[in-house]
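Colleague:
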Amino acid sequence: MSAPTTTRPDERTVHGRRARRTAESASIGWKLLLLKITVLGLLNAVSVYAAMVLFFNERWIIGTLVVVSGAILTWIYLQRGALPAKYLAPGVVFLLIFQVFVILYSGYVAFTNYGTGHNSTKDHAIHAIMLQTQDRVPDSPTYPLTVVESSDELGFAVTTEDGEILIGSADAPLEAVEGAVVEDGRVVQVPDHQVLSFADLVERQQELTTLAVPLSDDPNAGALRTQDGQRAYVYTSRFVYDESSDTMTNTQTGQTYTDGGEGAFVTEAGEELMPGWRVNVGLENFVRAITEESIRGPLLYVTTWTFAFAFLSVASTFILGLFLAIVFNDPRMKSRKYYRLVMILPYAFPGFLSALVWAGMMNQEFGFINNVLFGGAAIPWLSDPWLAKLSILIVNLWLGFPYMFLVCTGALQSIPEELTEAAQMDGARPFQAFRQIKFPLLLVSIAPLLISSFAFNFNNFNLVYMLTGGGPRDIEAGINVGSTDILISMVYKVAFVGSQSDYGLASAFSILIFFIVGTISVIAFRRTRALEELN
Amino acid sequence: MTVNTRGITRLTALLGLGAFALTACGSGGDSAEQGSGESAETEAAETTEEESSQSESGDAAASGSLTIWADANRAEVLNEVASDFESDTGIAVEIVQQDFEEIRDQFVSQVPTGEGPDIAVGAHDWLGVLVNNGVVAPVELGDAAGDFEEIAVDAWTYEGQTYGLPYSIENIALLRNTELAPEAPADFDEMIQMGEEAGTEYPFLVGLDPNESDPYHLYPFQTSFGAPVFGTAEDGSYDSSQLAMADAGGEEFAGWLAEQGEAGVLNLNIDGDLAQESFNDGNSPFFLTGPWNVDGAREAGIDVAVDPIPAAGDQDAQPFAGVQGFFLSAQSENVVAASNFLINYVGTAEVQTALYETGGRAPALTESFEQALSEDEIVAGFGEVGAEAVPMPAIPEMGAVWDDWGSSQAAIIKGDGDPVELWQKMSEDISSAID
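Structure follows, in structure tokens:
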């Protein structure tokens, strides 16, 4: 019975400690809770507002997504426990927005004809065609216009040059009206009609700008239309859209355009009416990229050069970086610290800036290289196809070796000196010791970096864009591709350069590039596992 | 106890959430029309003005609002016009500042999503792309068309429709250092002779690119050989189906290019920046360029005059004119308000002159144009050359034309092969790209 009495003080202290802890955590919990409520409240407010705007604009899918993700996030953070979910959620959200969505969207674009001329929906295209083909009748007069309303229907009251007053609406052609009051050549009052003020016009501008008042019973005489509600002009419409048969008819030539299923109205002869709209084209972009002669030729050429460029860049920067690392790792070398500092200087400048500076230095006539280093020789560094390739490699060597130098220095210093000493004891010469012992060990840690460096150079858009812009252009080639263009800069040209863009084709290209880089990386990383067995 | 506190925290959490949601929605509703952050300040200022004007003239209050995309220079002037428009009509105008170069592509991609503006500022040679994408609506200038310089309205006319309200005309002309060359040259050869007599490093300067040359700057020389890029249709507009520069005049021009390249008069290694620097250093009496380089030359202490471009062939040297203007979105829901704003406000002499004063380009409205000509001899010089200029073609295929055109000219100037053969090859490529 003594045991319980002895344990009682202990129990008390345990109780006391627990109570203190609870009190502490409660006070922290109170602050945390307030923060939690604030943040979650803001999040919910934003998502509710966003969802309202989206639903208002009839964006049902995105609106629903916003509501659902907002609800899920709230649920996660209001729960007790579920700590992993709480840590993961923000990351997952950003991943979805900035990575998954972008990938899915460009994947989707690759299967459409999105580009110049196929930019929007069919409704928009029809609307634009109707707008663009309203022709003002040549030399037709300007009619000072007053917009009137009678029994909820808008009408036009105009004065002609002869001082006649005419009135009409969409269903009633213009006819003379008696008893209207005119001030300064403009009708201000009409019997049985209400004259609309400017504010009323703005209120009903949609209705007003689509209103066409026929001049007479003959539809070919044209109709009065207005854009600003103050002046009306006689227009004839070149195209008529028939909703039931989904066709456009040219009223002047009588030609009929039907929806060919490829995102545009076409005649039987295959003549397209622009603008068209965006449709799904299946694998057509991929098929074009691979089979169309004018694209396939340059694509093959560019792919070859892209591989060569990426490989040579990695090889040259690695060799130079490794060489310098070995030299500056030698204890006999004095003031190594300062040399190392100088060596990584190119790394400190933004790459695109360096590329621009190099482009200036490589100017054939005024550049530093030709003028100073080659004593005024006119070497066409950037305008000869082969020299331009060489220039790109030289500049990339300059930009890339500090990275390799740093990496190799780090790796070399982690290899114990004893290994070299042991090898020398066994009678190996220094080079032999390096080649057979240090280098393989170095490769174990460097190989993954070499692969990622290859992938980086494969898509090294900045350098190409800033130094040569892909040029010099091959004037024999059918499309705008230069001799230093790599795949990514070619994609850029297809999608954005010039005024004819083809986002669909460009997306298809970028998907192809993704698969190429992905495949290389997978194969190469598998191979590097073999190296790791050395350890 | 514990159960109770938990229940209370839950409850407060929910209440808090609700309160936050409500307040945020309340304030969110107001900011809904404000759009981008850049314009928020101007918007706020304008909203108050709008409110006061509404209270003054009760019935003028109209619903609807206009969104305008403009670059920094234009936005400044438009802000003033917008507040006039607001106080007259009660329609709120929001001016969103955009980078000029970005406007075309942004407009093409934003209009279909419903996020685009009602009006945007732009250059006439974007028209082909905008029309083919179905994002612009015609603007009926009506009788007002006659008040503008002819070239300005022609430039904004595409396939028979006028798509914008022009405000300025921009073109290149010959800048002359009056100290080195007191007289204007009559033709190209005379200019080179005068340049050589001046004893400067270069007889004549024009900015070129080693790989792309510069067809825009060399175009006046090409037209002087009677080789315009396209033929002309009956109504005076370009007929893109006839590539006129493929004719004999073009081949003659190609021969001339090769000669000038060999003589070193046309130097592909002198780009625009180098050319400007050399001219500002007094290394050449002549510089073929646009109004954008005049201020720099004056600041460098050069006394400049603006002359017509001397012809190399036996016809007039006509440069391209770029006409800037305001265009209307095809998806605009405020067409009446927008066209009123354009025609009755932006189209007035007062505004056109104000736009000219901030932009330094000759105005498009004849009244303002003549006023500018009488006030400033530099603008007058460019304006007179511009009056004889031809609008830059606006067809969307022009992208392909520039590419082939530039790289072939570069090859000819460099002497990479027979000029006539290179020219013919280029013409074939361009013809097949356009079809």
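Residue numbers (my numbering), protein chains in the order written: chain E, 1 to 535; chain Z, 1001 to 1435. Idealized CB from N, CA, C, for every residue including glycine.
1) At 8 Å on the CB atoms, spell out the chain E contacts of residue 1091 (chain Z), in chain order.
2) Determine, using beta-carbon pairs with one atom in the stretch 522 to 531 of chain E and one in the stretch 457 to 474 of chain E, whether at least three such pairs fall under 8 Å.
3) Just to confirm, is the Cβ distance from residue 1382 (chain Z) to residue 1291 (chain Z) under 7 Å?
4) Less than 8 Å between the CB atoms is what I'm expecting for residue 1127 (chain Z) and residue 1163 (chain Z), so what's the real figure, rounded?
5) Taking the alpha-carbon positions, what's the residue 1412 (chain Z) to residue 1069 (chain Z) distance?
6) For residue 201 (chain E), which residues in the same chain have their Cβ closer than 8 Å to its Cβ, ignoring the five residues on either side in sequence?
7) Using the three-state DSSP reduction, which class does residue 277 (chain E) fall into: helix, strand or coil?
8) Just to confirm the assignment: which complete beta strand (DSSP E) runs, minimum length 3, are found wholly within the stretch 1290 to 1359 of chain Z?
9) With 7 Å set as the bound, which would you pick, yes or no: does the beta-carbon of residue 1291 (chain Z) sit closer than that to a beta-carbon of chain E?
10) What is the rounded straight-line gap between the Cα of residue 1200 (chain Z) and the Cα of residue 1319 (chain Z)?
11) For the stretch 1139 to 1167 of chain Z, list every residue whose C-beta sits within 8 Å of some C-beta in chain E, in sequence order.
12) Roughly how many angstroms lie between the CA atoms of residue 370 (chain E) and residue 445 (chain E), to the nearest whole one?
13) Between residue 1336 (chain Z) and chain E, is the shortest Cβ-Cβ distance under 7 Å, so that the two count as touching?
14) Below 8 Å, can you find three or more Cβ-Cβ pairs linking the stretch 1322 to 1332 of chain Z to the stretch 1165 to 1177 of chain Z?
15) So that I know if they touch, is there some Cβ in chain Z lying closer than 7 Å to that of residue 507 (chain E)?
16) Taking all protein chains shown into account, decide if residue 113 (chain E) is buried (16 or more other Cβ within 10 angstroms of its Cβ) or exposed.
17) Look up residue 995 (chain Z) in the DSSP assignment and say whether it is helix, strand or coil.
18) According to DSSP, what are the bridge partners of residue 257 (chain E)?
19) How would you write the range of the alpha helix (DSSP H) that residue 64 (chain E) sits in, first residue to last?
20) Is residue 1393 (chain Z) closer than 7 Å to residue 1230 (chain Z) when the C-beta atoms are compared?
21) Do you know how far the Cα of residue 1409 (chain Z) is from the Cα of residue 1267 (chain Z)?
22) Determine which residues share a DSSP beta bridge with residue 168 (chain E) and list them.
23) What would DSSP say about residue 529 (chain E), mapped onto helix, strand or coil?
24) Find out if the Cβ-Cβ distance for the pair residue 298 (chain E), residue 39 (chain E) is shorter than 7 Å.
25) So with CB distances below 7 Å, who are the chain E contacts of residue 1283 (chain Z)?
26) Taking Cβ positions, are residue 1117 (chain Z) and residue 1067 (chain Z) nearer each other than 7 Å?
27) What is the C-beta distance between residue 78 (chain E) and residue 66 (chain E), in whole angstroms, given that I count them as a contact (C-beta under 8 Å)?
28) Suppose you measure from the CA of residue 182 (chain E) to the CA of residue 198 (chain E); what does that come to, to the nearest Å?
29) So which residues on chain Z does residue 275 (chain E) lean against when the C-beta distance must stay under 7 Å?
30) Is DSSP giving residue 114 (chain E) helix, strand or coil here?
31) Out of curiosity, what's the CA-to-CA distance linking residue 1280 (chain Z) and residue 1270 (chain Z)?
32) List the residues of chain E whose Cβ lies closer than 8 Å to the Cβ of residue 1331 (chain Z), in chain order.
33) Apart from the five residues just before and just after residue 1136 (chain Z), which ones in its own chain have a Cβ nearer than 6 Å to its Cβ?
34) Does the stretch 484 to 491 of chain E touch the stretch 298 to 307 of chain E, meaning 3 or more C-beta pairs lie closer than 8 Å?
35) What does DSSP give as the partner residue(s) for residue 1069 (chain Z) in the beta ladder?
36) Taking Cβ positions only, does residue 139 (chain E) come closer than 7 Å to chain Z?
Modeller: Well, looking at it:
1) Ordered by position in chain E, the residues that pass the 8 Å Cβ test against residue 1091 (chain Z) are 202.
2) Too few Cβ pairs lie closer than 8 Å, so no.
3) Contact: yes.
4) Rounded, the Cβ-Cβ distance is 6 Å, consistent with contact.
5) Taking the straight line joining both Cα atoms gives about 41 Å.
6) Its chain contains 147, 208, 229 as the residues whose beta carbon lies nearer than 8 Å to that of residue 201 (chain E), once the 5 sequence neighbours on both sides are disregarded; these appear in chain order.
7) The three-state reading of DSSP puts residue 277 (chain E) in coil, since its state is none of H, G, I, E or B.
8) Listed in chain order, the complete beta strand (DSSP E) runs (minimum 3 residues) inside the stretch 1290 to 1359 of chain Z are 1304 to 1307, 1320 to 1329.
9) Chain E, which has no Cβ nearer than 7 Å to the Cβ of residue 1291 (chain Z), makes this no.
10) Taking C-alpha positions only, residue 1200 (chain Z) is separated from residue 1319 (chain Z) by approximately 26 Å.
11) Listed by position along the chain: 1139, 1140, 1142, 1143, 1159, 1160, 1161.
12) Approximately 40 Å between the Cα atoms of the pair.
13) Yes, contact with chain E.
14) Output reads yes: the stretch 1165 to 1177 of chain Z touches the stretch 1322 to 1332 of chain Z.
15) So no, residue 507 (chain E) is outside the interface.
16) Under a 10 Å Cβ-count criterion, residue 113 (chain E) is classified as buried, with 16 or more other Cβ atoms of the shown protein chains found around its own Cβ.
17) A query on residue 995 (chain Z) cannot be resolved here, the shown segment of chain Z reaching from 1001 to 1435 and no further.
18) Residue 257 (chain E) is bridged to E:248.
19) That run of the alpha helix (DSSP H) goes 60 to 78.
20) Judged by their CB atoms, residue 1230 (chain Z) and residue 1393 (chain Z) are nearer to each other than the 7 Å cut-off.
21) Distance between residue 1267 (chain Z) and residue 1409 (chain Z), taken at the CA atoms: about 12 Å.
22) DSSP output for residue 168 (chain E) lists E:156 as bridge partner(s).
23) Helix.
24) No, Cβ-Cβ distance for residue 298 (chain E) and residue 39 (chain E) is not below 7 Å.
25) Think of a sphere of 7 Å around the beta carbon of residue 1283 (chain Z): no beta carbon from chain E falls inside it, the nearest being about 12 Å out.
26) Remark: C-beta atoms of residue 1117 (chain Z) and residue 1067 (chain Z) approach each other more closely than 7 Å.
27) In fact, because the Cβ distance is near 18 Å, the residues do not count as touching under 8 Å.
28) C-alpha separation (whole angstroms): 17 Å.
29) Neighbours of residue 275 (chain E) in chain Z, taken as residues whose beta carbon is under 7 Å from its own, are 1132, 1133, 1134 in chain order.
30) Three-state DSSP puts residue 114 (chain E) in coil, outside helix and strand.
31) Straight-line Cα distance between these residues: approximately 14 Å.
32) Correct list: 124, 127.
33) Residues of the same chain with a CB within less than 6 Å of the CB of residue 1136 (chain Z), apart from the 5 flanking positions on each side, are 1130, 1163, 1327, 1330 in chain order.
34) Yes: at least three Cβ pairs fall under 8 Å.
35) Residue 1069 (chain Z) is bridged to Z:1096, Z:1120.
36) Answer no: the Cβ-Cβ gap between residue 139 (chain E) and chain Z never drops below 7 Å.
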